[in-house]
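Note that my numbering has the sequence shown beginning at 1, numbered continuously upward. From the three backbone atoms N, C-alpha and C, an ideal C-beta is built for every residue, glycine too.
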Amino acid sequence: MAVEANQEWLKSNGDPHLVLVHRLPSFSFQLNDILQPHFRLLDPVDSPEPACSFLSNHAQSVRALICVANTPLTAETLNLLPSLELVVASSAGVDHIDTRECRRRGIIMTNASTAFAEDAADYAVTLLIDVWRRISAADRFIHAGLWPVKGGYPLGSKLNRSGHRYGFVVFRRHSMSITSSSAYKIYGLILPRCILRNSYGVRLAPRLLVHSDILLVISLSLLASFGLHGCLGGKRVGIVGLGSIGSEVSKRLEAFGCSIAYSSRKEKPRVPYPYYTNVLELAAHSDALVLCCSLSEHTRHIINKDVMTALGKTGVIINVGRGGLVDEKELVQFLLRGDIGGAGLDVFENEPDVPRELFELDNVVLSPHHAIFTSESVEAVHQLIFTNLKAFFSNKPLQSVYQFE
Ligand SMILES: O=CC(=O)O
């Protein structure tokens with residue numbers, strides 16, 4: 001945006017369509033094309049002046065602000081905008097915005113979780129399936145050329161971690177699958193009583209085991225690494241935060257035959273799933289937790305040591321919310337010790353830094369904060385921002401108003 005154009009707009013103090021764009025210089029701002037015909041955009045990044053002096057010099061009349069991506073919006077910046085009434089976040093999460101100050105000032109906020117809900121939910125469920133079925137790990141297995149060498153996946157390379165007790169199973173067909181209940185029996189070397197089925201579901205007699213040609217080493221905590229807990233049907237999934245994203249997750253998982261429960265700020269009267277007032281109890285009744293809630297002072301490290309212990313050795317954590325929801329150091333330790341079954345993580349506490357210990361684990365799927373990014377969701381969020389601004393300047397009801405805690 002040309003500086004001269006900015007100057008001209010600024011002369012029109014009190015322009016009802018003046019919108020301040022708050023963004024980090026590194027972000028390209030593609031909304032311009034949609035918004036410019038309708039609003040006068042004031043963009044400090046395109047001004048030669050430093051952002052703060054630009055704001056204090058020019059922004060007295062700004063009533064609406066678009067906060068682009070994760071650009072921090074602090075109380076200090078908000079103080080420079082005495083007339084501000086509306087903050088439009090282009091993101092689902094608003095942990096980069098001083099929501100407490102907005103609430104104190106009576107500033108309305110909108111966010112983008114409705115625009116991103118379907119894509120974020122698709123991604124969360126995909127991560128869950130991947131962790132349970134080891135798709136990424138199996139892909140790596142093939143890429144590494146291991147199939148012809150080692151026989152069928154899985155033959156993990158991480159079986160010798162200290163602190164695990166091992167049982168031994170010998171069997172003929174590497175394509176064999178083991179049901180989870182019988183797999184538990186293998187643990188502790190109760191081989192004669194265990195039930196194995198090959199990939200056609202045919203029950204195999206224990207004596208077959210003796211004449212087998214592949215040795216597999218299994219620990220209870222690593223059963224999940226083999227995809228032995230893989231089937232989705234009947235699994236209990238706890239959704240943390242049943243907002244627009246969580247609700248889409250629940251729809252998808254119901255179709256897979258999972259049973260859903262949730263925890264949320266408040267119980268949702270029209271939702272049929274069991275509600276847990278706290279995440280600890282939800283974890284104790286779940287095979288997996290899917291984190292879809294926003295990060296706030298109330299939810300930071302909501303997934304802590306106690307919750308992971310309650311989720312248990314085969315439990316899985318999926319996080320498409322924010323890294324800070326999970327005590328990441330604890331999660332790493334739980335995963336390394338095999339005290340939790342796996343994790344699918346799209347978000348991290350110190351992005352873009354991801355704990356290196358996780359790189360080697362086949363029961364962990366890592367993704368670079370990518371859940372919401374499709375061309376459709378970007379278009380949807382642009383449309384949502386436009387709709388909200390238009391409604392605001394014509395005194396109509398806004399869409400996607402953020403509910404302060
Ligand atoms: O993580 C993405 C978002 O909050 O929009």
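- In this structure, Gly233 is the residue among Ser264, Lys268, Val237 and Gly233 with its C-alpha nearest to the C-alpha of glycine 257.
- The DSSP assignment places 305-311 and 328-337 as complete runs of the alpha helix (DSSP H) inside the segment 296-384, in order along the chain (cut-off: 4 residues).
- Looking at the DSSP output, tyrosine 262 sits in a beta bridge with Ile239 and Tyr275.
- In the structure shown, cysteine 231 falls within a coil segment according to DSSP collapsed to helix, strand and coil.
- For asparagine 70, the CB contacts under 7 Å within the same chain, skipping 5 residues up- and downstream, are Ser91 and His96 in chain order.
- Its Cα nearest to that of glycine 93, the residue Ile372 stands out among Pro397, Ile372, Glu376 and Glu379.
- The nearest non-hydrogen atom of ligand 1 is less than 7 Å from the C-beta of glycine 93.
- Apart from sequence neighbours up to five positions away, the residues of its chain that approach histidine 370 with a beta-carbon distance below 7 Å are Asp346, ordered along the chain.
- When DSSP states are grouped into helix, strand and coil, histidine 285 belongs to the coil group.
- Straight through space, the alpha carbons of proline 25 and leucine 42 are spaced by roughly 14 Å.
- In this structure, the alpha-carbon of asparagine 278 lies about 44 Å from that of histidine 17.
- Distances between the C-beta of phenylalanine 116 and the heavy atoms of ligand 1 include at least one below 7 Å.
- Taking one beta carbon from each stretch, the segment 384-393 and the segment 348-367 have fewer than 3 pairs nearer than 8 Å; the two do not touch.
- At a cut-off of 7 Å, the beta-carbon of isoleucine 372 counts as near ligand 1: some heavy atom of the ligand is closer than that.
- When secondary structure is reduced to three states using DSSP, arginine 40 falls in the strand class.
- Look at histidine 369: its beta carbon is less than 7 Å from one of the heavy atoms in ligand 1.
- Of all alpha-carbon atoms in Val131, Ile135 and Ile107, the one lying nearest the alpha-carbon of leucine 73 is that of Ile107.
- Here histidine 58 carries a helix assignment [DSSP, helix/strand/coil].
- Here glycine 341 is buried. Its C-beta has 16 or more other C-beta atoms within 10 Å.
- When rounded, the separation of the alpha-carbon atoms in alanine 283 and phenylalanine 39 is 47 Å.
- Three or more beta-carbon pairs separated by less than 8 Å link the segment 320-329 to the segment 281-299, which places the two stretches in contact.
- Straight-line spacing of the CA atoms in leucine 331 and leucine 128 works out to 16 Å.
- According to DSSP, valine 88 shares a beta bridge with Ile66 and Thr110.
- Valine 401 sits exposed, since fewer than 16 C-beta atoms from the chains shown fall within 10 Å of its C-beta.
- The Cβ atoms of glutamate 248 and alanine 121 lie closer than 8 Å to each other.
- By the CB criterion at 8 Å, glycine 344 and leucine 291 fall outside the cutoff.
- If you compare the alpha carbons of Pro352, Ala380 and Glu379 with that of proline 368, the shortest gap goes to Pro352.
- Placement of the Cβ of alanine 112 at a distance of less than 7 Å from at least one heavy atom of ligand 1 is found.
- In the structure shown, histidine 17 falls within a coil segment according to DSSP collapsed to helix, strand and coil.
- Residue state for leucine 398 is assigned as coil, using DSSP reduced to three classes.
- Shown here, leucine 81 sits in coil according to DSSP, grouped into three states, outside any helix or strand.
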